[in-house]
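**Q**
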Amino acid sequence: MVAIKSLLLFTTTVLATAIPRDVHATGYELLYSDLVSLDQSVEALTAAVNAYTSGNGAAVFSAVSYVNETNRKGYYDAMSDRVAVQNFNDSLTISQYVSTPIAVDITTGVQAIIAKKDPLVANGLRQQVLDGLNLLVSDHETFSAAVAAKLNPAALLVAALPVVEIDAAIRTAIADFTL
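Using mature numbering (1 follows the signal peptide of the UniProt record, and there is no 0), the letters of the sequence shown correspond one by one to residues -16 to -1, 1 to 163.
1) Under 8 Å between the Cβ atoms of VAL131 and ILE154?
2) Rounded to whole angstroms, what's the CA-CA distance from ASN136 to SER128? Just pull it up for me.
3) Could you tell me which of GLN111, THR156 and TYR81 sits nearest to ALA144, measuring between CA atoms?
4) Quick one: is TYR59 near chain C, going by C-beta distance under 8 Å?
5) Going residue by residue through the region 72 to 147, where are the continuous alpha helix (DSSP H) segments of at least 4 residues, counting only ones entirely within it?
6) Less than 7 Å between the CB of ALA139 and some heavy atom of the ligand NAD, yes or no?
7) When the Cα atoms are used, what is the spatial distance from GLY11 to ASN71?
8) Starting from the Cα of PRO146, find the closest Cα among TYR50, GLU27 and THR91 and give me that residue.
9) Counting along the chain, where does the alpha helix (DSSP H) carrying ALA42 start and finish?
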């Protein structure tokens, strides 16, 4: 009986390790999942900003931390050896997701932050907002560069425009809160 169990375990192990694994699909799924999480965190930040009326802004800054966390996880995953350079179709899908909905949602979120400037500043939160925006732009730059390094070069042009739009939107808010 022990020999049969050992043989079954050995056979199962051999078969499991013999199954071909598509490294590109795993990498694509990981990057795409990170981008979906990032978009969800941006939507949560926008909701927190829209709900803000006065006070210490704890919900807003907690949401900024959530965006920061998802950016950092995405950066870590993109830099890891679990993600190989993607094929053209997967790269195109990732680039298109950055364009819509991520760039759209980040632009909407930034507009919400700018619209709440007066109550945020009136409650003495100008510097905290600036610090949060500077952190977000830094994370955006590093995560974007890490993802770009994994995209098929033929798809980089599709990704470039929304990345520039996101950068410009965040920097517009930084400029607005600096004045």
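Ideal Cβ placement from N, Cα and C applies to all residues, glycine included.
**A** In short:
1) For VAL131 and ILE154, no; Cβs fall outside 8 Å.
2) So the alpha carbons of these two residues sit roughly 14 Å apart.
3) Taking only the C-alpha atoms, the option nearest ALA144 is TYR81.
4) Note that chain C does not occur in the displayed structure, where there is just one protein chain.
5) 72 to 81, 88 to 99, 101 to 106 and 110 to 134, all fully within the region 72 to 147.
6) What this structure holds is no ligand at all, so the ligand NAD is not there to describe.
7) Approximately 10 Å between the Cα atoms of the pair.
8) Comparing Cα-Cα distances from PRO146 to each of TYR50, GLU27 and THR91, the minimum goes to THR91.
9) ALA42: member of the alpha helix (DSSP H) spanning 42 to 63, first to last residue.
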